[in-house]
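Taking it in order: structure first as structure tokens, then the write-up.
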Ligand code: AMP
């Protein structure tokens, strides 16, 4: 496995692999890897000849006052874990090269990014779509793997890739959870023991809603009440949103659930903001 930080060098190598007819699979991350990230790498490994992992804590997707400065980092450990999955290249660029002096270009996806995460973090998705565009132009992948954990982000990247004719296959991997149900996240490291126990309210609420759905409940309002009751009962989480939406458009679901829907939750547990989601209906991605 090789480690590259220079953008031009990464582009040269990507061109070489493409010219040699090798398929490049790409997994963009902010590092501090966990099993969820490794699942993405394993998926890329199975589907490509060359696997590239990027590790870049992207400043433009953090708003002032968010956790950019204290975001967890452990580059050596990340490299060891990545190598264990058969990763070929770790690309870890410097912010100053990714955003050169005088940089004034942004990539923005309308509509999809205005609700839920976009409403709570108004500049977040613009930072994500811009950095992913830059990374796509540097790594030049044939395929890129994202996690359903960030469902709205995955939908936005898919839309951007289609609208802007990137010619890259976007693959979405299911959410990897801890044995007790908590969705894995680099930010879980912020949780105190008490926060960690309280954070289970998110996945419990989603599981309860799924049980009701499996038992035949199709009224959106009822399912949403189940979520809210469970989250309120736990008392410890400060809810940002709990929404039932169409999984591709992120428009609110109708009164009755007919096709697939996504239940998305964001909440603060202690000082940590967590997100989780679950798909209901046919071909649920996380069933
Ligand atoms: P991050 O490093 O948090 O920016 O995440 C990098 C990629 O890993 C994104 O596509 C995430 O959606 C994905 N990811 C993060 N957590 C999980 C998880 N628990 N299961 C599956 N994918 C995940």
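In this note's numbering, the protein residues as written are -6 to 280. Here a beta-carbon is modelled for each residue, glycine too, at the ideal position from N, C-alpha and C.
Contacting residues, own chain, Cβ-Cβ under 6 Å from residue i (five flanking each side not counted)
i, result
"residue 182", "65"
"residue 170", "176"
"residue 100", "122, 123 and 126"
"residue 280", "In this prediction, residue 280 scores a pLDDT of 42, lower than 50, which makes its location untrustworthy; the coordinate-derived value is nonetheless stated afterwards. Excluding positions up to five away in sequence, the list is empty."
"residue 23", "50"
"residue 220", "198, 202 and 235"
"residue 273", "206 and 254"
"residue 20", "33, 34, 37, 46 and 138"
"residue 111", "118"
Beta-carbon proximity list for residue i, same chain, < 7 Å, skipping 5 on both sides
i, result
"residue 227", "191 and 194"
"residue 244", "238"
"residue 320", "Coverage of the chain is limited to positions -6 through 280, which leaves residue 320 absent and any answer about it impossible."
"residue 223", "194, 197, 198 and 201"
"residue 161", "129, 134, 135, 136, 137 and 154"
"residue 10", "17 and 43"
"residue 90", "0"
"residue 86", "-2, 0 and 49"
"residue 159", "129"
"residue 114", "56"
"residue 31", "74 and 78"
"residue 262", "184, 188, 191, 192, 229 and 230"
C-beta contact flag for residue i and residue j at 7 Å
i, j, result
"residue 109", "residue 145", "yes"
"residue 202", "residue 256", "yes"
"residue 74", "residue 6", "no"
"residue 33", "residue 124", "no"
"residue 136", "residue 18", "yes"
"residue 53", "residue 180", "no"
"residue 116", "residue 56", "yes"
"residue 132", "residue 80", "no"
"residue 211", "residue 249", "yes"
"residue 163", "residue 150", "yes"
"residue 258", "residue 241", "no"
"residue 216", "residue 260", "no"
"residue 167", "residue 141", "yes"
"residue 78", "residue 35", "yes"
"residue -6", "residue 69", "no"
Start and end residues, alpha helix (DSSP H) containing residue i
i, result
"residue 259", "Run containing residue 259: none in the alpha helix (DSSP H); it sits in the beta strand (DSSP E), 254 to 262."
"residue 271", "Per DSSP, residue 271 belongs to no alpha helix (DSSP H); it is in the beta strand (DSSP E), 265 to 273."
"residue 33", "28 to 40"
"residue 250", "Where residue 250 is concerned, there is no enclosing alpha helix (DSSP H), given that its DSSP letter is neither H nor E."
"residue 123", "117 to 132"
"residue 156", "144 to 156"
"residue 113", "110 to 113"
"residue 103", "Looking at the DSSP string, residue 103 is not in any alpha helix (DSSP H), and its letter there is neither H nor E."
"residue 7", "0 to 12"
beta-carbon residue i near the ligand NAD non-hydrogen atom, thresh 6 Å
i, result
"residue 58", "Of the ligands one can find in the structure shown, namely the ligand AMP, none is the ligand NAD."
Cross-strand partners of residue i (DSSP beta bridge)
i, result
"residue 19", "45 and 137"
"residue 170", "176"
Residue range of the beta strand (DSSP E) that includes residue i
i, result
"residue 166", "162 to 166"
"residue -3", "-5 to -3"
Residues near residue i by beta carbon distance below 8 Å, same chain, minus five either side
i, result
"residue 152", "102 and 105"
Short CB-CB distance (under 7 Å) between residue i and chain D
i, result
"residue 203", "No chain D is present in this structure, which holds just one protein chain."
Checklist entry - Enumerated in chain order, which unbroken segments of the beta strand (DSSP E) with a length of 3 residues or greater are wholly contained in the region 177 to 246? => result 230 to 238
Next on the checklist: Report the start-end ranges of each beta strand (DSSP E) in the region 44 to 95 that is 3 residues or longer and not cut off at the edges.
Outcome noted: 82 to 84
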